[in-house]
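422 is the number that our numbering gives the last residue of the sequence shown; the numbers go up by one with no jumps. Note that CB positions come from ideal geometry on N, CA and C, so glycine has one too. Keep in mind it's a predicted model, so treat the numbers as computed, not measured. Inspection log for the structure reproduced underneath, given as structure tokens.
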Amino acid sequence: MNKDGKEQYEQKSEYGEGLCLAFASQSADDEGPGLKPVRFRRRHALTDKTKALSAWALSRRVGYLQIEIRSTAENFSEMPRRFFESNETIPCDRSLFLIEDGSVVIKHSRHDYFVKEMVPGGLFGEMPFLGQTMLLTKAVAGPLGVKLAVMSEAGARDWIRSDPYAVIELVVPRLGEVASDHFRSQFQLHDSRVAALLLDLAGAGDVVEGITQETMGEMIGIYRETVNLVLNELKTNCLIETRNKKIVILDRPALKALSEL
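Written as structure tokens, this is what we have:
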């Protein structure tokens, strides 16, 4: 029992071994001392699948801006520089960082699994008014260390004032992507999301190749088994066919209509 009146214990279940928290609190209606019966239990099971889905979602929302260093050199020329040794944690609070040399690895802040690697030109940090946040991640210097230009909130505001169109071109398109991602993840069924992904991967053509169902699932935040079920359904309805490790779109209008449901 911890100090907040929560009974904590380990429990094994069909979801694997996870931590359960049993919440209980004393009621004013109780006749005597004691705790009310357990109301809520929550299991946490960290598996390879949940880590992969979490990493995909975080990689889409952390450090997603990439700029051409030469075109913005003037804006960053007066910013202080810092060098971090390999695997050194980079404090990100209220700062925006531009990678000038080396690389940065983004990891989950608690469980330490890999999320993404960032290269020169990448922007990351905690700067909410520019849409930048670290969420549940931390940044560590890559294997050869990293040289960063450090921008404070005041410096970021100066950047916006000095080159507003460049900032708009960098940040605003992402707003549309975020809105689309949110709509698809919250309101679309899996078949619509897979259909939209197939159209996106195919581009102007009708063939998708060089990508596994596992990767497709990670790209839209669902399990590989779910992707497989949807693809089989699309094949049954003659919207696609699979051959030689390729997915061929047979009925683009129908697939597009499904993607917009």
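- When DSSP assignments are scanned along the stretch 231 to 292, the uninterrupted stretches of alpha helix (DSSP H) that are 4 or more residues long and fall wholly within it turn out to be 234 to 237.
- For the stretch 365 to 391, the continuous beta strand (DSSP E) assignments of 3+ residues that do not extend past its boundaries occur at 368 to 370, in sequence order.
- Comparing alpha carbon positions, the residue from Thr294, Glu239, Ser247, Glu249 closest to Leu257 is Thr294.
- At a Cβ-Cβ threshold of 8 Å, Ser420 and Leu360 count as neighbours.
- Using a Cβ distance threshold of 8 Å, Val276 and Thr298 count as a contacting pair.
- Partner residues in the beta bridge of Leu226, as assigned by DSSP, are Leu284.
- Distance from the Cα of Val311 is smallest, within the candidate group Arg322, Leu284, Val328, for Leu284.
- Here the C-alpha atom of Phe290 lies approximately 19 Å from the C-alpha atom of Leu219.
- The stretch 300 to 316 and the stretch 378 to 397 do not touch, with fewer than 3 CB-CB distances between them shorter than 8 Å.
- Under the 10 Å beta carbon count, Ala365 is surrounded by fewer than 16 other beta carbons and is classified as exposed.
- In this structure Ser247 does not touch Gly286 by the C-beta definition: roughly 20 Å separates them, more than the 8 Å allowed.
- Nearest C-alpha to Pro414 among Arg271, Glu338, Ala357: Ala357.
- In the structure shown, Thr294 falls within a coil segment according to DSSP collapsed to helix, strand and coil.
- A direct Cα-Cα distance of roughly 16 Å separates Thr211 from Gln374.
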